[in-house]
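J.: Handing you a structure now.
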Amino acid sequence: MDILPSEEEQMIKNVARELLEAEISTAMVREMELDELGYPPTLWKQMANQGWLGLALPEQYGGQGLPLTYMGLILVEAGRVLAPVPLHSTTVAALTITSDGTEQQKQDILPSVSNGDMVLTWAVAERDPRLIPEAMTLVATADGNGWVLNGTKMFVDNFIVAHRCLVAARTSPASDANQGISLFLVDPNGTGVSQTALLTLAKDKQSRVDFKNHRIEGAALVGELNQGWPIVEAMLDQATALLCCQMVGAARKDAEMAIEYAKNRVAFGRPIGSFQSVQHMLADMILHVDGGEMLTFEALWKMDQGLPASVEVSQAKAFCNEKCESVVRTSQVIHGGIGFMMEFDLHLWFRRVTSWTMRLGTTYDHRARIAAALLDVPGKVRLGMPLPTAA
Amino acid sequence: MDFGYTQDQEELRQEVRAFIDGNVSQGLLDEMEGGEEGGRGPEYRELVQKVADKGWIGISWPKEYGGQSGSRIDQYIVEEEFMRRGIAVGGAGSGAPAILAAGTEEQKEYFIPGMIRGEIIFALGFTEPQAGADLAGLQCRAVRDGDDFVVNGQKMYTSAAHYASHIYMMCRTDPDAPRHRGISIFLIPMDTPGITVRPLWTIQSDPPAPMGTTYGMVRTNETFFENVRIPASCMLGEENGGWYVGAMGLNLDRVGASRYLISVRRDEDIVNWVKENDFAGNSPADNPAVRDKLAELWTEAQVCRLMTMRSMSLVNRGDTFTYEGSAEKVWAPEHGVKTTEAISQILGPYAQLLRGSEEAIEDGLYAHNLMGSFQSGINHGSVQIMRDQMARRGLGMPRG
Chain A
1 MDILPSEEEQ MIKNVARELL EAEISTAMVR EMELDELGYP PTLWKQMANQ GWLGLALPEQ
61 YGGQGLPLTY MGLILVEAGR VLAPVPLHST TVAALTITSD GTEQQKQDIL PSVSNGDMVL
121 TWAVAERDPR LIPEAMTLVA TADGNGWVLN GTKMFVDNFI VAHRCLVAAR TSPASDANQG
181 ISLFLVDPNG TGVSQTALLT LAKDKQSRVD FKNHRIEGAA LVGELNQGWP IVEAMLDQAT
241 ALLCCQMVGA ARKDAEMAIE YAKNRVAFGR PIGSFQSVQH MLADMILHVD GGEMLTFEAL
301 WKMDQGLPAS VEVSQAKAFC NEKCESVVRT SQVIHGGIGF MMEFDLHLWF RRVTSWTMRL
361 GTTYDHRARI AAALLDVPGK VRLGMPLPTA A
Chain B
1001 MDFGYTQDQE ELRQEVRAFI DGNVSQGLLD EMEGGEEGGR GPEYRELVQK VADKGWIGIS
1061 WPKEYGGQSG SRIDQYIVEE EFMRRGIAVG GAGSGAPAIL AAGTEEQKEY FIPGMIRGEI
1121 IFALGFTEPQ AGADLAGLQC RAVRDGDDFV VNGQKMYTSA AHYASHIYMM CRTDPDAPRH
1181 RGISIFLIPM DTPGITVRPL WTIQSDPPAP MGTTYGMVRT NETFFENVRI PASCMLGEEN
1241 GGWYVGAMGL NLDRVGASRY LISVRRDEDI VNWVKENDFA GNSPADNPAV RDKLAELWTE
1301 AQVCRLMTMR SMSLVNRGDT FTYEGSAEKV WAPEHGVKTT EAISQILGPY AQLLRGSEEA
1361 IEDGLYAHNL MGSFQSGINH GSVQIMRDQM ARRGLGMPRG
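Chains A and B, in that order, are what the protein sequence lines are. All residue numbers for the first sequence refer to the working numbering, where the first residue is 1 and numbers rise by one. All residue numbers for the second sequence refer to the working numbering, where the first residue is 1001 and numbers rise by one.
Written as structure tokens, this is what we have:
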């Protein structure tokens, strides 16, 4: 038990911060909001050369085979500078291919991810954006040795630049909700696939993706037919924990900007940071970021240990949704009028963190998962001990 | 980062739990409940001796003074398991860290083994009628007279004074120096002539709060000092350097199993209660608003646990706090209050029933908790002062 970063972990963090802060300016972040691709390919290649894109992927496929917590440290730093790169979506999909893909899929994709040649994404949410099997209506109909996809996916990250997209589809109207979902590897440029850009608060690249009689081969299946939901759930858990990393990284930077501003901004003849009302707001910001960060890394650590971590993931996201939002809003309040001027950079953080609170499960969604684990399984609960599990 | 315990630590926890099952009798619990000698009667002392024989008190304290030179995490495990049964052993909150850091060789050799044997118990003499949150304004005087000091003044909320062997107190030794630089700490035997202890009864005293209540203490004290003559060897640390010794000791006493459990036991209690009970068939566990609230509280309780683990990690590494101790002392008490008040809205009118009332749930525990939980935001540095410290020491904000 030592929940602080080890020397090696601290070193990874320091290296990532140094490189990212040197390479990524707010001017670049602004430029990428308007850019067609949304990311600078040279920077992406540079991150590949650092070994970050394959950090948590197996060595035999060109990765480094390091724990998820290390990837989390990189994503915290990426969040800190609002790195305009498809790191999150690529990492998440690559991890799922690693755990559930076929040998052929791994060989085709993972080395290309590690060296920066391939961008990946995944598509689960639909018009009913709840991330539950009941909400999966996109249909894959058997057709010879393959399938034909029809339906719509929403809020798909980086679809316009992705080389492959993991898509959750209904392959059987099974009565058991956990059955009948399958996961496929889809070519975003295939026939019958079209995307429509969404204009988001984060000004990132999200799409609605429509599938009209898009045909895929049998080799596109990831995992077992009709048994895809547990794979999707595991993918969403990893995605959520890694998104929390970005949230706490961005929120901490935002808090630091408020701290600096409060030290320097003079009102009533003294720095506003000398007022207790402002000091207490700043103290709360630190409590909130620290809390989110510890919950997040506990979730990642449990995943690395192969322990159940769904409740921990939901704890992290439910907390980060509320508290990181509170941090970036409080930072806006401390900055006053200048904070919501377009030319001032603060809104870059506010808009992204706010957007991320709505992605991968709302506060209500995650609390419902926590409540089910706490209340619907018989047996006493105790903090710091595993929750009772169904017999 | 390592969020788990070692195999040895898991085994230690199991061993402690088995020990408690085998050694904590109903007689002991009744004795503690009775409140004679602050609950520290013969059965309690016998238990402490057995726990000391196991080497479980002051595990992280140095071997030469009777400790084990072991891990602070191991000590935490022992403290948590005992504290969950309402028994304070293990050594946290005892004043020992400050004595180990600032004491003379003679003081360490005298006090630390005595604390391990359970023979030395400190009352804390910080607060005065005119100096609470603004502790540096304290007026209790210690005047040097040859090799002695003579103490005059009054201390408030000296909770353990009616059974303590010693008082760990701050006195003003130089009234002309700047406020923080004229204070010294003394370790004074309670049987020294001139000390008078008078009880103060808390809002938990009528009816007396049931065991396990958050701040269920029915009694504290005010302690008067009238020409109390003590040898200069009672001084801890440097003359006029007591403010810094005291601040360090308070920081270490703010963190650990006690602080953590005070703030999170209620989260476990209410989840376990709604899982097994209902109101004439109406189960709060089926109410979506209640479910959302319980999940929110559980998540915040996890943050309490992680903040405690962060503090333990820092102490175990031998690092010093910048703001982490203060952070824990803001988050945990406020969370405890939030849960306690939420429970009153989950249990509804049942949560107003005091101990001994017909129809009371858990012997009135939840009503008494409502009178206790907010106290943890006041004691040992209020949450407002803790936020000041976070901002000034942790974030470098200028003073107002």
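Where is the CB? At the ideal position from N, CA and C, for every residue including glycine.
Closer than 7 Å by C-beta to W229/A: which residues in its own chain qualify, once you throw out the five before and the five after it? Chain order, please.
T.: On the first sequence, residue 229/A is found 229 positions in, with the first residue counted as 1. Excluding positions up to five away in sequence, the list reads P133, N178 and I181.
J.: Since D100/A is in the beta strand (DSSP E), which residue starts that stretch and which ends it?
T.: For the purposes of this step, residue 100/A is taken as the residue at position 100 of the first sequence. Premise fails: D100/A lies in the alpha helix (DSSP H), L87 to D100, not in any beta strand (DSSP E).
J.: For R367/A, go through chain B and note every residue whose CB falls closer than 7 Å to its CB, in chain order.
T.: Residue 367/A sits at position 367 when you count from the first residue of the first sequence. Within chain B, the residues near R367/A are D1292, A1295 and E1296.
J.: Using a C-beta to C-beta distance shorter than 8 Å, which residues of chain A count as neighbours of W1331/B?
T.: If you number the second sequence from 1, residue 1331/B lands on position 331. Those within 8 Å of W1331/B in chain A are L287 and G291.
J.: Could you list the residues in the stretch 1005-1020 of chain B with a C-beta less than 9 Å from some C-beta on chain A, going in chain order?
T.: From the stretch 1005-1020 of chain B, only Y1005, T1006 and Q1009 have a Cβ closer than 9 Å to chain A.
J.: With a threshold of 8 Å, are at least 3 pairs of Cβ atoms found where one atom belongs to the stretch 28-46 of chain A and the other to the stretch 207-220 of chain A?
T.: No, they do not touch.
J.: Distance, Cα to Cα, V113/A vs R367/A?
T.: Within the first sequence, the letter at position 113 stands for residue 113/A. Within the first sequence, the letter at position 367 stands for residue 367/A. Going from the Cα of V113/A to the Cα of R367/A covers about 34 Å.
J.: Considering only C-alpha positions, which residue in the set A1131/B, I1203/B, A1088/B and D1148/B is nearest to I1121/B?
T.: As a working note, residue 1121/B is residue 121 in the second sequence. Ranking the options by Cα distance to I1121/B, first place goes to A1088/B.
J.: Going along chain B in order, which residues have a C-beta closer than 8 Å to the C-beta of L375/A?
T.: The count along the first sequence starts at 1 and reaches residue 375/A at position 375. V1271, V1274, K1275, A1285, R1291 and L1294, listed in chain order.
J.: Just how far apart, CA to CA, sit L346/A and K1108/B?
T.: Position 346 of the first sequence holds residue 346/A. Position 108 of the second sequence holds residue 1108/B. One C-alpha to the other measures close to 54 Å.
J.: Out of A1131/B, E1222/B, P1207/B and T1223/B, state which residue places its alpha-carbon closest to the alpha-carbon of G1216/B.
T.: If you number the second sequence from 1, residue 1216/B lands on position 216. Checking every option, the nearest Cα to that of G1216/B belongs to P1207/B.
J.: Could you round the C-beta distance between I1188/B and H1162/B to whole angstroms and report it? I think they count as a contact, below 8 Å.
T.: For the purposes of this step, residue 1188/B is taken as the residue at position 188 of the second sequence. For the purposes of this step, residue 1162/B is taken as the residue at position 162 of the second sequence. Not really, about 15 Å apart at Cβ, beyond 8 Å.
J.: Could you work out which residue in P84/A, T362/A and M154/A is closest to A202/A when comparing CA atoms only?
T.: As a working note, residue 202/A is residue 202 in the first sequence. If we check each option's Cα against that of A202/A, P84/A comes out closest.
J.: For M1156/B, which residues of its own chain have a beta-carbon under 7 Å away from its beta-carbon, when the five flanking residues on both sides are left out?
T.: Position 156 of the second sequence, counting from 1, holds the residue named residue 1156/B. Cβ within range, chain order: T1127, E1128, P1129 and E1222.
J.: Taking the beta strand (DSSP E) that L149/A belongs to, which residues open and close that run?
T.: By 1-based counting over the first sequence, the position of residue 149/A is 149. Where L149/A is concerned, the enclosing beta strand (DSSP E) stretches over G146 to D157.
J.: Any contact between the stretch 1221-1241 of chain B and the stretch 1174-1193 of chain B? By contact I mean 3 or more CB pairs, one from each, below 8 Å.
T.: Yes: at least three Cβ pairs fall under 8 Å.
J.: Answer yes or no: the CB of T1299/B versus the heavy atoms of the ligand SAH, is any distance below 6 Å?
T.: Because no ligand of any kind appears in the structure shown, any question about the ligand SAH cannot be addressed here.
J.: Just list the residues that DSSP pairs Q1154/B with in beta bridges.
T.: As a working mapping, residue 1154/B is identified with position 154 in the second sequence. Answer is F1224/B.
J.: Going by the beta-carbon positions, is the gap between E1031/B and G1022/B smaller than 7 Å?
T.: Here residue 1031/B refers to the residue found at position 31 of the second sequence. Here residue 1022/B refers to the residue found at position 22 of the second sequence. Result no, Cβ atoms of E1031/B and G1022/B do not sit closer than 7 Å.
J.: If we count the other Cβ atoms within 10 Å of its Cβ and call it buried at 16 or more, is P1175/B buried or exposed?
T.: Here residue 1175/B is taken as the residue at index 175 of the second sequence, counted from 1. P1175/B is exposed by the Cβ-count criterion.
J.: Kindly say whether H280/A, judged by its beta-carbon, lies nearer than 7 Å to any beta-carbon of chain B.
T.: Numbered from 1 along the first sequence, position 280 holds the residue referred to as residue 280/A. Yes - at least one Cβ of chain B is within 7 Å of the one on H280/A.
J.: Please return the same chain residues whose Cβ sits closer than 8 Å to the Cβ of D1147/B, not counting the five positions on each side in sequence.
T.: Here residue 1147/B refers to the residue found at position 147 when the second sequence is read from its first residue. Closer than 8 Å at Cβ, skipping near neighbours: P1231 and A1232.
J.: Starting from I12/A, find everything on chain E with Cβ-Cβ shorter than 8 Å and list it in chain order.
T.: Any reference to chain E falls outside this structure, whose protein chains are A and B.
J.: What are the start and end residues of the beta strand (DSSP E) that includes C165/A?
T.: Position 165 of the first sequence holds residue 165/A. Looking at the DSSP string, the run of the beta strand (DSSP E) that includes C165/A is R164 to R170.
J.: Indicate the three-state DSSP secondary structure (helix, strand or coil) for M1001/B in the structure shown.
T.: Start at 1 with the first residue of the second sequence, and residue 1001/B comes out as number 1. In the structure shown, M1001/B sits in coil (DSSP, three-state: anything other than H, G, I, E or B).
J.: Grab me the residues of I338/A's own chain with a C-beta within less than 6 Å of its C-beta, minus the 5 sequence neighbours each way, in chain order.
T.: Along the first sequence, one-based indexing puts residue 338/A at 338. Result list for I338/A: F344, in chain order.
J.: Helix, strand or coil, according to DSSP, for P1189/B in the structure here?
T.: Numbered from 1 along the second sequence, position 189 holds the residue referred to as residue 1189/B. Three-state result, P1189/B: strand.
J.: Any beta carbon from chain B within less than 7 Å of S277/A's own beta carbon?
T.: Here residue 277/A refers to the residue found at position 277 when the first sequence is read from its first residue. It does not; no Cβ of chain B falls within 7 Å.
J.: Use the C-beta contact count for L374/A: other C-beta atoms within 10 angstroms, 16 or more gives buried, fewer gives exposed.
T.: Here residue 374/A corresponds to residue number 374 of the first sequence, with the count starting at 1. With 16 or more other Cβ atoms within 10 Å, it is buried.
J.: Residues of chain A with CB closer than 8 Å to the CB of A1301/B, please, in chain order.
T.: For the purposes of this step, residue 1301/B is identified with residue 301 of the second sequence, where counting begins at 1. Chain A residues near A1301/B: L383.
J.: Below 8 Å CB to CB, which residues in the same chain sit around V1330/B once its five sequence neighbours on both sides are set aside?
T.: Working through the second sequence from its first residue, we reach residue 1330/B at position 330. V1383, M1386, R1387 and M1390.
J.: I think A1301/B touches V1255/B, with their Cβ atoms under 8 Å apart; what is that distance to the nearest whole Å?
T.: Numbered from 1 along the second sequence, position 301 holds the residue referred to as residue 1301/B. Numbered from 1 along the second sequence, position 255 holds the residue referred to as residue 1255/B. The Cβ separation is near 16 Å, so there is no contact.
J.: Can K106/A and Y70/A be called in contact, C-beta distance under 7 Å?
T.: The residue given as residue 106/A occupies position 106 in the first sequence. The residue given as residue 70/A occupies position 70 in the first sequence. Their beta carbons are not under 7 Å apart, which means K106/A does not touch Y70/A by this criterion.
J.: Using the beta-carbon of each residue, which ones in chain B are nearer than 9 Å to Q64/A?
T.: The residue labelled residue 64/A in the question sits at position 64 within the first sequence. Simply none; closest approach about 18 Å.
J.: For the alpha helix (DSSP H) containing A1289/B, list its first residue and its last residue.
T.: Translated into the one-based positions of the second sequence, residue 1289/B becomes position 289. Where A1289/B is concerned, the enclosing alpha helix (DSSP H) stretches over P1288 to R1317.
J.: Which bits of chain A does S1258/B rub up against, with CB to CB less than 7 Å?
T.: By 1-based counting over the second sequence, the position of residue 1258/B is 258. Here the premise fails: no neighbours, minimum Cβ distance about 15 Å.
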